[in-house]
Amino acid sequence: MRYAMAVDTKKCVGCSDCVVACQTENNVPIGYCRDWIVEVTDGTYPQLETEIRSERCNHCINAPCVRCCPTGASHFADGGIVLVKANKCIGCGACIASCPYDARYPHPDGYVDKCTFCIHRLEKGLNPACAEVCPTKCIYFGDLEDPNSPVSLILKKRKYKTLIPEAGTRPQLFFLI
Amino acid sequence: MNEELIISGRNNHLIDPHLNIWHWQIPLYLFLGGMAAGILVFAALYFIRGKENEYRTAVRIAPFLTPFLLVIGLFALFLDLRHKLYFWQLYTTIKLQSPMSWGAWVLMLVTPISFIWCALHITDIFPGWRWKYSWLNYLDTFFNRYKKQLAWVMLISGIILGIYTGILLSAFNARPLWNTSILGPLFLASGLSAGAATTLILSKNPAERKRFAQIDLVVIGIELFLIVHMFMGFLASTQVQIEAANLFLGGPYTMSFWIFVVILGLLLPAVLEIMELKRFHIPAILPAVLVIFGSLMLRFIIVYAGQISRWLY
Chain A
97 MRYAMAVDTK KCVGCSDCVV ACQTENNVPI GYCRDWIVEV TDGTYPQLET EIRSERCNHC
157 INAPCVRCCP TGASHFADGG IVLVKANKCI GCGACIASCP YDARYPHPDG YVDKCTFCIH
217 RLEKGLNPAC AEVCPTKCIY FGDLEDPNSP VSLILKKRKY KTLIPEAGTR PQLFFLI
Chain B
10 MNEELIISGR NNHLIDPHLN IWHWQIPLYL FLGGMAAGIL VFAALYFIRG KENEYRTAVR
70 IAPFLTPFLL VIGLFALFLD LRHKLYFWQL YTTIKLQSPM SWGAWVLMLV TPISFIWCAL
130 HITDIFPGWR WKYSWLNYLD TFFNRYKKQL AWVMLISGII LGIYTGILLS AFNARPLWNT
190 SILGPLFLAS GLSAGAATTL ILSKNPAERK RFAQIDLVVI GIELFLIVHM FMGFLASTQV
250 QIEAANLFLG GPYTMSFWIF VVILGLLLPA VLEIMELKRF HIPAILPAVL VIFGSLMLRF
310 IIVYAGQISR WLY
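Protein sequence lines, in the order shown, are assigned to chains A and B.
Numbering of the first sequence is given in my numbering, commencing with residue 97 and proceeding in unit increments.
Numbering of the second sequence is given in my numbering, commencing with residue 10 and proceeding in unit increments.
Okay, structure coming up:
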């Protein structure tokens, strides 16, 4: 099993519903977020192009945060999901410094927190909260090893990219372009 | 011309607008650990070479600082942790891919060794010292018998500790400024020169002072070479590393790096030490203090600047 997510940058309108859904679902402390919106405008007026992305942890295959964690608190769960065991985390910040996507943050309670792909929902057969609420249905989620999962099907059909593949992290968050 | 505008809906504390997760505790520890490593390496080296009496300060006196340096450093590391009560989790696993993990274990080895080394030489500081309990006397005899082996372990673990302070940072490929393997040797050299400078300050023996001034001079030369090499590597590398180098070549850390680290911390003490070796009257403490100051500034500037450097996307 290999969980992955694809975000359609042609459909995303940057409404931040995914951000709010995540904060509500996961009880994210006020002022923090596990997913966020990035808008990039490129070109010279009037030839401008905008890309809107809903970003989060890339659940990398070669995750530097798991490598750098001195206690093993950062680990791979089933399906390649990168998780933090709060009661093993010493809050040293090594994983935060090691993430090229800056996807982790120090929880006010001391441990490091991040996107879990809503693993507690996956266990019940539900989609992650962000994918569930998206009003444009631009977030596709599923198992890459299952050829009929929504994410496998859309990646077969569309062109896509990942963020900073040159960092060697092998990210599993895909952006349809 | 390309206009690029990024608007991000993220404002996580200590992460945005740029990483700011490590503060004074980490560079202070890197400095203290490096300096302690330098002192212990010279102590072990000259003991192994049988120069215990010739370089008495290096072998028998200066190491008395190291338990303090290491304990203060460890306390600074502890202050940096945000989930403090779980710190013992560091010692439940050994993760070889994580420099912080094996660094924690090396500290667990070096700190007791520094205490043992001091205990073996306690009569040099307190001439009338007698161990109160017989088991302490037994331990004293035991370690005295195996002092040479102890010195070898101290030499090797000291070098590992010195290199580790740099490798800790260079393991983070997300921060291009840190992501250069030259930081290991550079921080080791900087720690050795801080250690040599400390011995120089404490020593009253002219021959020993001369030797450590010479050592300092050589290590300063090596450090300058490594710094030049680091910039050559960055400027010949990818865009992110060119931008990392530019933090020091016109960017926000230009003045502090070149003035505090290179001029005050390396070039000026080198000139002063050369003048001293040529028998000009220079207060010997001056170049030594400058070297220690430069070593401290190097850690601070690299740790802070590294957190600004990032991948572009």
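Note that beta-carbon positions come from the ideal geometry of N, C-alpha and C, so glycine has one too.
Assigned secondary structure, residue i (DSSP; H/G/I helix, E/B strand, else coil)
i	result
residue 171(A)	strand
residue 262(A)	helix
residue 10(B)	At residue 10(B) the pLDDT is 45, less than 50, meaning the model places this residue with poor confidence and gives no usable figure here.
residue 273(A)	coil
residue 168(B)	helix
residue 109(A)	coil
residue 16(B)	strand
residue 189(B)	coil
residue 262(B)	coil
residue 242(A)	coil
residue 124(A)	coil
Extent of the continuous beta strand (DSSP E) run through residue i
i	result
residue 150(A)	143-151
residue 118(B)	Counting along the chain, residue 118(B) falls outside any beta strand (DSSP E), though it belongs to the alpha helix (DSSP H) covering 108-129.
residue 101(A)	99-104
Chain-order list of residues whose beta-carbon lies under 8 Å from that of residue i (same chain, five-residue window excluded)
i	result
residue 216(B)	63
residue 146(B)	140
Close Cβ partners of residue i (< 7 Å) along its chain, the five nearest in sequence each way excluded
i	result
residue 71(B)	48, 52, 207, 208, 211
residue 86(B)	34, 38
residue 195(A)	160, 161
Proximal residues to residue i (C-beta, below 6 Å), its chain only, five neighbours per side dropped
i	result
residue 24(B)	none
residue 10(B)	Summary for residue 10(B): the model assigns pLDDT 45, below 50, so the residue's position carries little reliability, and this model does not support an answer.
residue 125(B)	152
residue 266(A)	156, 157, 158
residue 101(A)	237, 269
residue 228(B)	198, 201, 202
Start-to-end residues for the alpha helix (DSSP H) that takes in residue i
i	result
residue 313(B)	294-317
residue 131(A)	Segment: none, residue 131(A) is in no alpha helix (DSSP H) and carries neither H nor E.
residue 252(A)	246-253
residue 278(B)	277-286
residue 221(B)	215-244
residue 147(B)	143-154
residue 161(A)	160-164
residue 248(B)	248-255
Short CB-CB distance (under 9 Å) between residue i and chain E
i	result
residue 18(B)	Among the protein chains in the structure shown, which are A and B, there is no chain E.
- request: Determine which residues of the stretch 238-259 of chain B have a Cβ less than 7 Å from any Cβ of chain A, and write them out in chain order.
  value: Flagged: no residues at all.
message: Closer than 7 Å between beta carbons: that is the criterion. Which residues of the stretch 105-123 of chain A meet it against chain B?
response: Of all residues in the stretch 105-123 of chain A, 112, 115 have a Cβ within less than 7 Å of some Cβ in chain B.
message: Residues of the stretch 170-182 of chain B in Cβ contact with chain A at a cutoff of 9 Å, in chain order, please.
response: Correct list: 177, 178, 180, 181, 182.
Beta strand (DSSP E) segments (min. 3 residues) lying fully within the stretch 170-237 of chain A: Qualifying beta strand (DSSP E) stretches, in chain order: 170-172, 178-180.
- request: Pull out every residue of the stretch 135-158 of chain B whose Cβ sits closer than 7 Å to any Cβ of chain A, in chain order.
  value: If the cut-off is 7 Å between Cβ atoms, the stretch 135-158 of chain B has nothing near chain A.
message: Please give the ranges of any beta strand (DSSP E) in the stretch 19-96 of chain B, keeping only runs that are unbroken, at least 3 residues long and fully inside the region.
response: For secondary structure counted as the beta strand (DSSP E) over 3 or more consecutive residues, the stretch 19-96 of chain B holds no complete run.
- prompt: Any residues in the stretch 188-204 of chain A with a beta carbon nearer than 7 Å to a beta carbon of chain B? Which ones, in chain order?
  reply: Answer in chain order: 188, 189, 190, 192, 193, 194, 195, 196, 198, 201, 202.
message: Closer than 8 Å between beta carbons: that is the criterion. Which residues of the stretch 152-169 of chain A meet it against chain B?
response: Listed by position, the residues of the stretch 152-169 of chain A near chain B (Cβ gap below 8 Å) are 160, 163, 164, 165, 166, 167, 168, 169.
- request: Compile a chain-ordered list of the residues in the stretch 25-37 of chain B whose CB is closer than 8 Å to at least one CB of chain A.
  value: Correct list: 25, 28, 30, 31.
- prompt: Between the stretch 232-266 of chain A and chain B, which residues of the former have CB atoms less than 9 Å from a CB of the latter, in chain order?
  reply: Listed by position, the residues of the stretch 232-266 of chain A near chain B (Cβ gap below 9 Å) are 259, 260, 262, 263, 264, 265.
- request: Scan the stretch 184-196 of chain B for residues whose Cβ lies nearer than 9 Å to a Cβ of chain A and list them as they occur along the chain.
  value: Those residues of the stretch 184-196 of chain B placed with their C-beta closer than 9 Å to a C-beta in chain A are 184, 187, ordered along the chain.
- prompt: Got a sec: which bits of the stretch 120-146 of chain A sit with their beta carbon under 8 Å from any beta carbon on chain B, in order along the chain?
  reply: Taking 8 Å as the Cβ-Cβ cut-off against chain B, the residues of the stretch 120-146 of chain A that qualify are 127, 128, 129, 132, 133, 134, 135, 136, 137, 138, 139, 140, 141, 144.
task: Taking only beta carbons into account, state which residues of the stretch 104-131 of chain B come closer than 7 Å to chain A, listed in chain order.
output: So the list reads 104, 106, 107, 109, 110, 113, given in the order they occur along the chain.
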